[in-house]
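One structure is given below, encoded as structure tokens.
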């Protein structure tokens with residue numbers, strides 16, 4: 553499908569509304585935290601100085617966890633209603649994984 557045709561189609565179909573935008577952004581933050589934490593954990597085996605990446609992953613994971621949890625607690629409907637409950641659950645899961653990876657990398661960087 554042509555990219556120029558995709559944008560009007562999303563707008564006509566309702567697109568990403570306000571109920572889905574916040575949990576999607578939180579899930580993206582959680583995904584960045586997971587990537588940052590996994591890179592910090594992989595580098596901690598070789599370099600030892602990965603505190604910045606580990607702290608960044610922990611902070612992004614915590615942010616994703618809090619935003620996703622608050623949105624899931626305040627969502628009115630269930631799956632398929634367009635309120636972003638599935639995105640909030642994904643944000644919670646990615647936030648937890650990002651925090652764990654960041655914590656592991658931080659603990660490993662302290663040991664060396």
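Residue numbers (my numbering): 553 to 664. For each residue, glycine too, the CB sits at the ideal point set by N, CA and C. Predicted, not measured: the structure shown is a model, and the values here were computed from it.
query	result
Neighbourhood of residue 572 by C-beta, 8 Å cutoff - its chain only, sequence neighbours within 5 removed	634, 635, 636 and 639
Through-space distance from residue 607 to residue 655, alpha-carbon basis	8 Å
Residue 613 vs residue 587 beta-carbon contact at 9 Å	no
Burial state of residue 609, where buried means 16 or more other Cβ atoms lie within 10 Å	buried
Inter-residue Cα distance where the pair is residue 605 and residue 592	5 Å
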